[in-house]
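With numbering that gives the first Met the number 0 as the guide, the letters of the sequence shown map in order to residues 0 to 479. Have a look at the structure below before the remarks.
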Amino acid sequence: MFETLTSIFQNLLQSKWKVFWTLLIASLLFRALSFNYSVIDHDESSYLLIASELNKGAKLYTDVIDTKPPGIFIAFSMVEKVIGKSIFGIRIFGSLIISLSAFFLFLISRQFNANRSLSFLAGLCYIITFSCYRTGLAVNTEMFFSLFVLVGLFVLLKAENKNITSLWLLGGLLIGIGFIFKYVVIAGFGAFALFFLVEKLIFKTILRKLLKFTLGILGVLLPFIITHIYFKVTGRFDDFYEIIYNVTSRYSSEFSITNSLKFFLNFHLLYLPFVILFYFGIFSKSINLEVRKIAALWFAFAWIMVILPGKSFKHYYLQLLPPISLIVPLAFTRLSSMKAVATDKKNKVAYLSIALAFVIGIINQSYFWTQPDRVKEISARLASTISENDFILTDKQLQLTQYLLDLSPPTKYVHPTLIFDHSRAFAIDTEEEMNKILDKNPKYIIYQKSKSYYDSNTRVQSNYHLFDRIGKVSILQINP
0 MFETLTSIFQ NLLQSKWKVF WTLLIASLLF RALSFNYSVI DHDESSYLLI ASELNKGAKL
60 YTDVIDTKPP GIFIAFSMVE KVIGKSIFGI RIFGSLIISL SAFFLFLISR QFNANRSLSF
120 LAGLCYIITF SCYRTGLAVN TEMFFSLFVL VGLFVLLKAE NKNITSLWLL GGLLIGIGFI
180 FKYVVIAGFG AFALFFLVEK LIFKTILRKL LKFTLGILGV LLPFIITHIY FKVTGRFDDF
240 YEIIYNVTSR YSSEFSITNS LKFFLNFHLL YLPFVILFYF GIFSKSINLE VRKIAALWFA
300 FAWIMVILPG KSFKHYYLQL LPPISLIVPL AFTRLSSMKA VATDKKNKVA YLSIALAFVI
360 GIINQSYFWT QPDRVKEISA RLASTISEND FILTDKQLQL TQYLLDLSPP TKYVHPTLIF
420 DHSRAFAIDT EEEMNKILDK NPKYIIYQKS KSYYDSNTRV QSNYHLFDRI GKVSILQINP
């Protein structure tokens with residue numbers, strides 16, 4: 000059996016297209032159980048709802064507001080235009096993005112002269128680590144900007160290997176596209192620049208290296224500059240500036256060494272087997288020095304961006320996975336060779352490890368089998384009672400109800416936490432904003448997390464009555 004699997008595996012590796020399709024199938028399999036469940040992460044819910052509003056003619060940062068740069072909303076909007084409103088479709092698209100990232104990890108590993116088997120396992124490791132927890136199953140910003148960083152790195156490696164200075168502009172431009180998804184991509188570019196421009200610095204070539212660096216920086220900044228120009232030309236620069244600069248500057252939490260250390264250690268516990276192999280590989284002298292350097296720099300720079308905001312959001316961990324995935328297969332092989340393990344036994348261990356990872360992934364996704372899909376239940380319950388001009392007010396993690404019912408949100412602050420938890424960053428008064436929403440007479444108020452607020456709000460209690468209760472979610476209807 001293992002001999003047959005090895006033969007099939009070696010055949011797949013002979014073609015880059017076969018490698019890509021295999022990685023795509025793996026991505027779909029590892030993530031399949033999440034495709035139909037409505038809310039995995041409420042950030043994804045907001046992206047879907049905002050993209051839907053943009054496609055109806057709403058203006059970003061004016062009519063609908065979120066803290067993120069425009070990239071994620073543009074991507075979701077484009078996907079909806081192509082496939083229509085579909086949670087299943089956006090999750091399939093997410094699997095495609097993950098498989099593309101894995102494929103470029105394969106290509107990057109090949110640039111460092113790793114053999115095809117190890118390069119393929121680097122891509123597969125990325126799919127496994129990204130998909131093993133629910134935080135990576137939702138379609139998020141990390142998924143997109145990591146792809147552009149990986150493609151950018153591949154181009155930069157090509158630029159150096161073929162000594163084509165102009166490719167630095169293209170590599171920087173690709174990373175710059177990731178920059179308009181999330182600013183943390185600057186960590187990746189910083190790590191790459193340090194690797195190429197300092198680690199290999201030779202005095203007689205310093206001017207050429209500075210030219211490359213300048214072209215790279217220009218490429219990184221170009222998409223952001225174009226974004227500024229767009230909002231200036233459309234007359235919405237003030238709204239854009241408020242969110243991108245003022246709100247962002249107020250959004251970070253106060254830095255805490257204790258909380259940051261806990262967050263750091265939690266990552267190591269969650270990804271313990273991979274982290275152990277990563278550290279072993281980084282310090283293993285038998286592994287290619289250049290790949291160890293770039294992975295270590297990338298990992299260290301990424302940690303700065305993970306810790307800096309002072310927030311313990313687990314999806315921040317996902318940006319740490321590319322450098323880990325690059326090293327893990329090399330470390331695994333090195334560890335096996337130290338114990339004089341025969342090749343056939345190595346193959347057996349590799350196949351069994353992949354099978355075990357798949358089983359663990361399925362078990363982690365059992366949540367989608369065992370937990371009721373409340374948002375779908377709520378949407379089905381209200382569908383026959385709602386008209387297209389109605390508003391509904393939803394609590395945290397329930398805003399996707401508006402998307403499923405094809406209703407516009409009653410406030411420009413689509414993500415409910417912006418009103419309740421981040422009001423200081425947005426310089427808004429929670430009560431004032433809630434009164435503006437209630438002035439629109441939303442037909443239903445749907446809540447769970449903010450039960451104490453809604454149950455004690457005199458205006459809500461006076462004008463609404465209990466319509467239904469689904470699980471722990473209360474649905475209030477406006478009085479006749």
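Quick reminder that beta carbons are idealized off the backbone N, C-alpha and C, glycines included.
| Item | Value |
| --- | --- |
| Near ARG468, which residues of its chain fall below 6 Å by C-beta distance, leaving aside the five closest residues on each side in sequence? | none |
| Which residues share a DSSP beta bridge with VAL529? | Residue 529 lies beyond the residue range present for the chain, which begins at 0 and ends at 479; the question has no answer from this structure. |
| Taking buried to mean at least 16 other C-beta atoms within 10 Å of its own C-beta, is ARG249 buried or exposed? | exposed |
| Where do the ends of the alpha helix (DSSP H) carrying VAL148 lie? | 140 to 160 |
| For ASN462, name the three-state secondary structure that DSSP assigns. | helix |
| What's the C-alpha gap between LYS411 and LEU417? | 10 Å |
| Return helix, strand or coil for ILE281, following the three-state DSSP convention. | helix |
| Threshold first: 4 residues or longer. Then list the alpha helix (DSSP H) segments lying entirely within the region 164 to 202, N to C. | 166 to 178, 184 to 193 |
| Can you say whether ASP438 is buried or exposed, counting buried as having 16 or more other CB atoms within 10 angstroms of its CB? | exposed |
| For TRP302 versus ALA190, is the C-beta distance shorter than 8 Å? | no |
| Please list, in chain order, all residues of the same chain as TYR316 whose beta carbon is under 6 Å from its beta carbon, the five residues on each side excluded. | PHE266 |
| Let me check understanding here. Comparing Cα to Cα, which of SER26, ILE82, HIS414 lies closest to CYS131? | SER26 |
| Could you say which of ILE286, ILE361, ILE306, THR369 lies nearest to LYS261 if we only look at CA atoms? | ILE306 |
| How is the beta strand (DSSP E) around SER473 delimited, first residue to last? | 472 to 477 |
| Measure the alpha-carbon distance for TRP368 versus ILE242 and round it to whole angstroms. | 38 Å |
| Between ALA426 and LEU404, is the Cβ-Cβ spacing less than 8 Å? | no |
| Please determine, among GLY88, THR164, ALA113, the residue with the shortest C-alpha to C-alpha distance to LYS208. | THR164 |
| Could you say if the region 103 to 111 and the region 146 to 158 meet the contact criterion of at least three C-beta pairs nearer than 8 Å? | yes |
| Contact defined as beta carbons within less than 8 Å: I believe GLY122 pairs with GLY151. What is the distance between those atoms, to the nearest angstrom? | That pair is no contact at about 17 Å. |
| Let me confirm a value: GLY135 is counted as buried when at least 16 other C-beta atoms fall within 10 Å, else exposed. Which label applies? | buried |
| With DSSP collapsed to three states, give me the class of ASP467. | strand |
| Are there 16 or more other CB atoms within 10 angstroms of the CB of PRO408, so buried, or fewer, so exposed? | buried |
| With a threshold of 7 Å, establish whether the CB of ARG468 neighbours any heavy atom of the ligand FMN. | Questions concerning the ligand FMN fall outside what the structure shown contains, since it holds no ligand whatsoever. |
| So what does DSSP say about TYR446, is it helix, strand or coil? | strand |
| Mind checking who THR393 pairs with in its DSSP beta bridge? | ILE445 |
| Using a Cβ-Cβ cut-off of 7 Å (strictly less than) and excluding sequence neighbours within five positions of SER259, which residues of its own chain qualify? | ILE306 |
| Would you decide whether MET77 is buried or exposed? Buried here means 16 or more other CB atoms lie within 10 Å of its CB. | exposed |
| Considering only C-alpha positions, which residue in the set PRO371, ARG235, VAL413 is nearest to PHE390? | VAL413 |
| With 16 as the cutoff for other CB atoms within 10 Å, does VAL18 come out buried or exposed? | buried |
| Within its chain, find whatever has a CB closer than 6 Å to the CB of VAL274; leave out the 5 residues flanking it on each side and keep chain order. | HIS267 |
| I'd like to know if the region 167 to 183 and the region 55 to 74 are in contact, where contact means that at least 3 CB-CB pairs between them fall below 8 Å. | yes |
| What residue range is occupied by the uninterrupted alpha helix (DSSP H) comprising GLU387? | Neither: GLU387 is in no alpha helix (DSSP H) and is coded neither H nor E. |
| Return the chain-ordered list of same chain residues with a C-beta closer than 7 Å to the C-beta of ILE82, the five sequence neighbours on each side being excluded. | GLY88 |
| Report the rounded CA-to-CA distance for PHE195 versus PRO415, giving the unit in angstroms. | 44 Å |
| ILE377 and ILE474: beta carbons closer than 8 Å? | yes |
| Can you tell me whether TRP167 is buried or exposed, with buried defined as 16 or more other CB within 10 angstroms of its CB? | buried |
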